[in-house]
Amino acid sequence: MKRLKLAVLGLVLATSGFANGAEFGKVEAAKSSISFSYKQMGVNMDGRFKKFTADIKFDPAKANAASATLDVDLNSIDVGSPDGNSEVGGKLWFNTKLFPTAKFTSTSVKPLGGDKYDVLGKLTIKGKTQDIVAPTTIKIQGNTAQFDGLFTLKRNDFAIGEGIWSDTSAVANEVPVKFHIITTSSK
Amino acid sequence: MTAQYTATAKLLHWIMAIALIALLALGFYMHDLPFSPMKLKLYSWHKWAGVCLFLLVFVRLAWRIKHRPPALPEHMRPLERMVAHGGHHMLYLLMIVIPLSGWLMSSAKGFQTVLFGVLPLPDLLEKHEALGELLQQLHMGLNLFFAAVVIGHIAAALKHHFVNKDDVLMRMLPAKFR
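Going down the list, the sequences are from chains B and E.
For the first sequence, the positions run 1 to 187 when our numbering is used.
For the second sequence, the positions run 1001 to 1178 when our numbering is used.
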């Protein structure tokens, strides 16, 4: 009887070990969003990307081994105005014909205490790569993980809006990008 | 010397006349432009000037209430007087309603007005594309009507001066132009 109890205990511990090793990798695209804001002539405008895919590996027990790659479909952009949307895929802006996707690949994740992390990685847009740090909050509830973060990129670093559009008095250089990604554990 | 408009009334009249004609011209020119940073700038300058002129109308109205203009010339018959008063009332009404229509349109199109790029004005409406298009037509239509009333106003002033040979035009001219 004692051996049986021990075996059952061992099995429970082993499987709970498995549950703790769950990777919250299944992205719920419908509940997730990548949005941004920008200023034109001092006027705040909101935009977003409607289509993206993400590959996330996050194990709360081994947070600094986490990784994330995101591929954003730049053709799915909405800058908040019809004029803007007609313009933004063009050569002077994202040049989506040649560069239809923006890619983020994480290089490291630093836990900061509590549910706060710094996600470091490389962002590639329009053939140019920049290092970014995205302060991120990661909240786990049951088998759902919620990743919320904000980082600011400079559009001129990626030649987004070049030539006549590089004038930052018309469209500001700083573009805050906000992400809200929900994933579930597949286990 | 015949009764004159006050110096303040004259100043407000001519500043607004020049500014409004300039804004009418700018509006008709800018809305057909291809999208560019210059177009964004022209739209902003048009809106900032519009806000300033909107505020100035109320200053002007307040002044007019406290300082009644000189009476219309004796030779004018009742129907003529009605047309004159009607025309002026219409100008004041348009000077208030047109910038309002612009503000409403901008709100409905999702472009907040930020005065001089630093002072945000509240949006009067939620973003709504179809309503924005409608208000754009309204703003355009009101401005075409305004242009017609202004032309009528100028024509009437010239008629008084050259045909009636009365002092209607003179009493709005600054001293050095009389």
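Idealized CB from N, CA, C, for every residue including glycine.
Bear in mind the structure is a predicted one, so any value in this text is a computation, not a measurement.
Check: Would you mind reading off the limits of the alpha helix (DSSP H) that contains residue 1087 of chain E?; Outcome: 1078–1108
Check: Is any beta-carbon of chain B found at less than 8 Å from that of residue 1040 of chain E?; Outcome: yes
Check: Between the beta-carbon of residue 56 of chain B and the beta-carbon of residue 36 of chain B, is there less than 8 Å?; Outcome: no
Check: Which chain B residues sit within Cβ distance under 8 Å of residue 1111 of chain E?; Outcome: 43, 45, 81
Check: Do residue 1155 of chain E and residue 1169 of chain E come within 8 Å of each other at the CB atom, strictly closer than that value?; Outcome: no
Check: Which residues in chain E sit within 8 Å of residue 189 of chain B, going by Cβ to Cβ distance?; Outcome: Outside the shown range of chain B, which is 1 to 187, sits residue 189 of chain B, and nothing can be said about it.
Check: Quick one: residues in its chain with C-beta nearer than 7 Å to the C-beta of residue 1178 of chain E, no 5 flanking neighbours on either side, listed in chain order?; Outcome: 1170
Check: Just the chain B side, please: which residues come within less than 9 Å of residue 1117 of chain E by C-beta, in chain order?; Outcome: 39, 41, 42, 43, 169
Check: Have a look at residue 1114 of chain E and residue 152 of chain B and give me their C-alpha separation to the nearest angstrom.; Outcome: 22 Å
Check: Taking Cβ positions only, does residue 93 of chain B come closer than 8 Å to chain E?; Outcome: no
Check: Under 8 Å between C-beta atoms, does residue 1051 of chain E make it to chain B?; Outcome: no
Check: For the stretch 150–184 of chain B, enumerate the residues whose C-beta is nearer than 7 Å to any C-beta of chain E, in chain order.; Outcome: 164, 165, 167, 170
Check: Does residue 28 of chain B come out as helix, strand or coil in the three-state DSSP assignment?; Outcome: coil
Check: CA-CA distance, residue 149 of chain B and residue 123 of chain B?; Outcome: 15 Å
Check: Residue 1053 of chain E and residue 1099 of chain E: beta carbons closer than 8 Å?; Outcome: yes
Check: Need the endpoints of the alpha helix (DSSP H) that residue 86 of chain B sits in, please.; Outcome: 82–87
Check: Is DSSP giving residue 1068 of chain E helix, strand or coil here?; Outcome: coil
Check: Just tell me which of B:102, B:70, B:81, B:169 has its CA closest to the CA of residue 1116 of chain E.; Outcome: B:169
Check: Please tell me whether residue 1044 of chain E has its Cβ less than 8 Å away from any Cβ of chain B.; Outcome: yes
Check: What are the residues that DSSP puts in a beta bridge with residue 48 of chain B?; Outcome: B:35, B:78
Check: Leaving aside the five residues before and after residue 1105 of chain E along the sequence, list all residues of the same chain whose C-beta is less than 8 Å from its C-beta, in chain order.; Outcome: 1132, 1135, 1136, 1138, 1139
Check: How far does the beta strand (DSSP E) with residue 68 of chain B in it extend, from its first residue to its last?; Outcome: 67–73
Check: Straight-line CA distance for residue 1062 of chain E to residue 1011 of chain E?; Outcome: 14 Å
Check: Would you report the Cα separation of residue 1107 of chain E and residue 44 of chain B, rounded to the nearest angstrom?; Outcome: 12 Å
Check: Out of E:1051, E:1077, E:1067, which one is the CA nearest neighbour of residue 1097 of chain E?; Outcome: E:1051
Check: Taking the beta carbon of residue 96 of chain B as the centre, do at least 16 other beta carbons fall within 10 Å, making it buried, or is it exposed?; Outcome: buried
Check: Applying the criterion that 16 or more other CB atoms from any shown protein chain within 10 Å of the CB defines a buried residue, is residue 1015 of chain E buried or exposed?; Outcome: exposed
Check: Counting only Cβ-Cβ distances shorter than 8 Å, please list the residues of the stretch 1053–1067 of chain E near chain B, keeping chain order.; Outcome: none
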